[in-house]
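Colleague:
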Amino acid sequence: MRTRRLGFVASLTALVFVFLGGCGKEKAATVSPSVTSTVPVAGATGVPVNQVISATFNESMNPSTITGTTFLVTGPGATAVAGTVS
Numbered sequence: 001m002r003t004r005r006l007g008f009v010a011s012l013t014a015l016v017f018v019f020l021g022g023c024g025k026e027k028a029a030t031v032s033p034s035v036t037s038t039v040p041v042a043g044a045t046g047v048p049v050n051q052v053i054s055a056t057f058n059e060s061m062n063p064s065t066i067t068g069t070t071f072l073v074t075g076p077g078a079t080a081v082a083g084t085v086s
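UniProt numbering numbers the first residue of the sequence shown as 1 and each following residue consecutively.
#1: Quick check on DSSP: helix, strand or coil for T74?
#2: Is the stretch 44 to 51 touching the stretch 61 to 69, taking contact as three or more C-beta pairs under 8 Å?
#3: Can you tell me which residues form a DSSP beta bridge with S37?
#4: Please list, in chain order, all residues of the same chain as T74 whose beta carbon is under 8 Å from its beta carbon, the five residues on each side excluded.
#5: Determine the closest residue to V41 out of A55, L72, T67, T69, with distance taken between C-alpha atoms.
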């Protein structure tokens, strides 16, 4: 009886180690992408209201994740600038 219980505990312990060892965590991105340049440049004055604005990032971006909700352009006083993301 004692041998059977010891075998059960050993089997259960081995299963726990197998499950815990197989549960690897995906590494999350530790550094967010950053803007390396913009047109017009930051702080530019006298920019026409119909100026096309562009931004270049330090890494490739997934176009499906850049929307009017996830990418914002602000003017003086952090006022949102209306526009279309394309």
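Built from N, CA and C at the ideal position, the CB exists for glycine as well.
If you're wondering where the values come from, they're calculated on a predicted model, not measured in any experiment.
Modeller: The short version:
#1: strand
#2: no
#3: T56
#4: Closer than 8 Å at Cβ, skipping near neighbours: A80, V81.
#5: A55
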